Every structure is written in structure tokens, then in C-alpha cells.
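Here is the structure we will look at, set down as C-alpha cells.
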Amino acid sequence: MNSYLQLAEAVLRKTSQPLSAPEILEAAYRLQLVPEHLFGKTQHKTLQARLSEDLLRNRERAVFARVAPGRFVLRSRLGVEDQSSEEFIAPLRAYQLKKFDVICADREELESIWKDRESFVPLTSILAAFSKQVPLVEAEKSLQLVHLRLLVSIKSFGRFLTVNSQRDPSYGQGRSFGFLGYLKGVDLDLFSRDDLGLKDASFRTLQEQTGLPRQLVEQITKTVELDVIDCLWLLDSSEAQNSVVVLTSFECDQPEEFVSHIPAHRSPRWVRLPIEINDVDALEPLSQRLFSSQAALASMSF
0 MNSYLQLAEA
10 VLRKTSQPLS
20 APEILEAAYR
30 LQLVPEHLFG
40 KTQHKTLQAR
50 LSEDLLRNRE
60 RAVFARVAPG
70 RFVLRSRLGV
80 EDQSSEEFIA
90 PLRAYQLKKF
100 DVICADREEL
110 ESIWKDRESF
120 VPLTSILAAF
130 SKQVPLVEAE
140 KSLQLVHLRL
150 LVSIKSFGRF
160 LTVNSQRDPS
170 YGQGRSFGFL
180 GYLKGVDLDL
190 FSRDDLGLKD
200 ASFRTLQEQT
210 GLPRQLVEQI
220 TKTVELDVID
230 CLWLLDSSEA
240 QNSVVVLTSF
250 ECDQPEEFVS
260 HIPAHRSPRW
270 VRLPIEINDV
280 DALEPLSQRL
290 FSSQAALASM
300 SF
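Letter 265 of the sequence shown, counting from 1, is numbered 264 in numbering that gives the first Met the number 0, and no numbers are missing.
Put into C-alpha cells, the structure is as follows:
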């Protein structure tokens, strides 16, 4: 094991409280656990990086667990004594989001089914065409493939959650009616279920892009059934990155608690549609298309 990880494990075995990297390092020096070959002005940053890398690489097999942003415990202590029983899933960085397979269809086959790419179609009418798993980096470059994405929208007491879109130059910037994610290759294994894995993919998207604990995510309820879920065909300006966006929608009964876990740079805001959207041009392109289509808004329970 990495020396930094060894001293972190030794420190965390001696405490019942989650600690940050600086706190772990301070305790390690106090306990004289730091070997002579470990030195530097930013050791706490190195320790933080080593812990994060270990969690990313080993997932559930990692020795450590993150129970809040920047706070760690031993995985064996989750739910024991005074420590949190809930593991915190850190939002993924952009470079990490590219390292997975996506579900794809041949463009020609899809065009034979979907004649008007400006229209919205039921997911069930095109689903059979999506039978391939291809690495995202390849799918984005291909002109012959179309991959599945999803837009997860959240509703609460007649209002809808809007957020700043992710920094994605291919699809434009602005306010978004939801969280734009992916249907991954692993979701294909869930296609025997009634919801085709869309619920699990939606929950994962929320956790990847926010600090929402799993328990709170699982409390939201689905508002659109599979047989009425709509899709739209999204094409970026270079005519690469062909994608079909599946529109999923959920109801939340704890709106303030929900937004408290969303990063501040996403600027979450509950609004009533359409009356509280004063500037359509401030929306990112996908949300502009949704806002201009009454059928699409209805399909998302707007």
C-alpha cells in the first residue's frame, strides 16, 4: 500500500470520527507515524489525492470511505459508533466521465425508424435499435453511431429545478431544465427490468453531478412511465457526437434539502413554468427545444 495510505489507515483506526486529509496528517505527525522519506509543503494535498485515487480505483473494495466532502473513515467502520452510515459519492470530474461504454445504435438504422429528427418520439419505438456498447470517446467521434443520453428533470410542488448546464462546448451553455447524463453500457444489463434501467441511470446521474446522498436520491419518485417517455435527437454543430436524449422526470418532496446538496456553481433554482422563464435565450439549446415544444413539456410532466 502507498505510504500515505498506510499512515491514513493507522490514524483512522485510532479514532471514531471522520477526518479530513490535514487532520489525518496532523494526527500522524503527533503519533510519530510519518516516515522520514515523506516530506513537502503540500503533504495534505498529496494525501487527499491518494485517498481519492484509492476510492476511484477500488470502489467498494477500498479500505477507506468518504462520508462527506473531504472527510474519510475506514470502510469497516461505516455505520459503527458515531460515524455516518451513509457513504458520500463525490461528483465525477469531466475526465472521469469519459471512461465508460455508452449504448449505441447505427445511424442509418435509426434514421429508417425516425424520419423527422426534429420531432419527439416515444422511447419504446426506437429502443430495439440500441444494441451496441461502444467507448464514449469513440462514439463521440463517429458519424455512423448514435448514443443514448438522458436528461433528468426534478419537479417539486408545481415548480421545476433549473441549474447551470455542465461545461460542455458541444451542446452549449445556459440554464438547463435538468441534469444531462448518459445511459452507460452497464445499464444495458438492466434492460430486462420494466424501467429499462432508466431509474438507476437517473439516480447515478444525480449522484455524479451533485453531493446528494443516496438515501435522499432514492426518496424521489418517478413521474413518467416507460410507455410515455419521449426522446429527442441531439446533434452538435460539427455533426459528430450524435445522441438521442431520453427525458426522465422525478418528483421531490424535500425541495430545500434537495438543492442544499447541489454545488453552488450550478446555481440551483426552483421555478414555475412557463411564467418564470423570462429569457428563453438564457437556456442551453436542449432546454430551449423543450421549452418551445408543448408536447415535450407535457411528456416531462411540465
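Beta carbons are placed, not taken as given, at the ideal position from N, Cα and C, and that holds for glycine. A quick note: this is a predicted structure, and the numbers were derived from the prediction, not measured.
- Between the beta-carbon of His260 and that of Leu211 there is about 4 Å, and that keeps the pair under the 8 Å contact cut.
- Per the Cβ contact rule, the stretch 197 to 207 is not in contact with the stretch 280 to 289 (fewer than 3 Cβ pairs under 8 Å).
- One Cα belongs to Val62, the other to Thr45, and the distance between them is close to 17 Å.
- Straight through space, the alpha carbons of Ala138 and Ser242 are spaced by roughly 9 Å.
- In the three-state reduction of the DSSP assignment, Ser15 falls in the coil class, being assigned neither a helical nor a strand state.
- Contact check for Ile219 and Thr247: beta-carbon distance about 11 Å, past the 8 Å limit, so the pair fails to qualify.
- Annotation: Lys131 to Thr209 spans about 29 Å, alpha carbon to alpha carbon.
- In the DSSP assignment, Arg65 falls outside any alpha helix (DSSP H) and within the unbroken beta strand (DSSP E) covering Phe63 to Ala67.
- Per DSSP, Glu250 lies in no alpha helix (DSSP H); the unbroken beta strand (DSSP E) holding it starts and ends at Ser242 to Glu250.
- Inclusion of Val72 and Leu11 in the CB contact set at 8 Å is warranted, their separation being smaller than that value.
- Annotation note: the stretch 85 to 147 contains the following uninterrupted beta strand (DSSP E) runs of length 3 or greater, listed N- to C-terminal: 100 to 105 and 131 to 134.
- Between Arg158 and Ala281, the C-beta gap is not smaller than 8 Å, which leaves the two residues out of contact.
- DSSP assignment within the stretch 23 to 74 yields the following whole beta strand (DSSP E) runs of 3 residues or more, N-terminal first: 63 to 67 and 70 to 73.
- Of the other Cβ atoms in all chains shown, 16 or more fall within 10 Å of the Cβ of Ser152; this residue is therefore buried.
- Of the residues Ala67, Asp100, Leu126 and Val101, the one whose Cα lies closest to the Cα of Leu109 is Leu126.
- Going by DSSP, Arg268 is part of the beta strand (DSSP E) stretching over Arg268 to Val270.
- At least 8 Å separates the beta-carbon of Ile112 from that of Phe129.
- For Ser2, the secondary structure class from DSSP, reduced to helix, strand or coil, is helix.
- Taking a C-beta distance under 8 Å as the contact criterion, Leu144 and Thr204 do not qualify as a contact pair.
- In this model, Leu215 and His36 are separated by some 43 Å (Cα to Cα).
- Spatial neighbours of Gln16 in its own chain (CB-CB distance under 6 Å, excluding positions within 5 residues in sequence) are not present.
- As computed with DSSP, Ile153 is found in a beta bridge with Phe249.
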